[in-house]
Amino acid sequence: MSQPTHSSVRRAGYVDPNFPNPNGPQDVSIIIYGFTPSFALAVFAAVFFFLYLVVHTAQTIRFKSFWFITFSVGLVFEVVGYCARALSAKKDPYHLIYFVLNYFFVVTAPVFLAAGIYTVLSTAEGLFGKLQTHEIYFACLEFAPVALAVLLLGCFHPGRCIKKGTTVEEDKLPHRAVSHV
């Protein structure tokens with residue numbers, strides 16, 4: 018009985034036909050993202066968050082509001098995450114370390130951004146008078162943006178909206194057959 022050739026082995030994930038796997042020491046057999054990341058979009062996001070970081074940090078120093086530095090930490094996490102995604106898009110989308118760095122920093126950043134927002138809300142009571150501090154208001158402020166983000170990401174995921182031409186073989190991959198919400 019003959020062994021299957023490398024080209025006949027079916028992978029259970031996304032492989033970009035235009036970007037062959039370089040098979041480096043940290044590479045995996047598929048692109049974990051489920052799509053090939055966009056270099057232009059990653060650079061745009063990194064530059065956008067970096068500019069916002071510079072402006073925000075300058076205002077934090079100017080107004081001596083160092084209690085709001087958690088927001089700057091969240092923005093640093095976003096910049097690092099999108100720089101890792103840009104590396105993944107340009108250099109090697111199969112590289113596991115780039116994916117892990119991107120995923121960790123982009124997913125962890127909103128924790129610090131939300132902490133900065135809560136700090137502003139708790140400080141606003143002392144600056145502007147009486148503020149409703151019942152827990153339900155904070156729960157709504159936390160839940161609504163997260164629910165909206167999950168809904169929008171589920172409906173408008175870049176892997177669904179920004180597609181290059183797919184081949185017939187690529188359309189037969191298992192991840193293409195999964196029904197989405």
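Counting along the sequence shown from 1, when you hit position 152 you're at 169 in the numbering used here, and nothing is skipped either side. Note that beta-carbon positions come from the ideal geometry of N, C-alpha and C, so glycine has one too.
For residue i and residue j, I'd like the C-alpha separation in whole angstroms.
{"i": "P37", "j": "A29", "result": "16 Å"}
{"i": "F67", "j": "G98", "result": "11 Å"}
{"i": "G51", "j": "F80", "result": "44 Å"}
{"i": "D35", "j": "V137", "result": "First, the residue type needs correcting, since residue 35 is Asn and not Asp in the sequence shown. Spanning the two alpha carbons is a distance of roughly 47 Å."}
{"i": "Y220", "j": "F129", "result": "Since the displayed the chain opens at 18 and closes at 198, residue 220 lies outside it and no answer follows."}
{"i": "V123", "j": "S46", "result": "23 Å"}
What's the call for residue i, buried or exposed, on a 16-neighbour Cβ count within 10 Å?
{"i": "V96", "result": "buried"}
{"i": "A63", "result": "buried"}
{"i": "A57", "result": "exposed"}
For the alpha helix (DSSP H) containing residue i, list its first residue and its last residue.
{"i": "G98", "result": "86-107"}
{"i": "F6", "result": "No answer is possible for residue 6: the residues shown for the chain start at 18 and end at 198."}
Which partner residues of residue i appear in the DSSP bridge assignment?
{"i": "Y31", "result": "I48"}
Against chain D, does residue i count as a neighbour if the rule is that its beta carbon must be under 8 Å from one of theirs?
{"i": "A161", "result": "Any reference to chain D falls outside this structure, which holds one protein chain only."}
Q) Would you say the region 79-91 touches the region 107-118, given that touching needs at least three Cβ pairs under 8 Å? A) no
Q. Per the contact definition of three or more C-beta pairs closer than 8 Å, is the region 97-105 in contact with the region 71-79?
A. no
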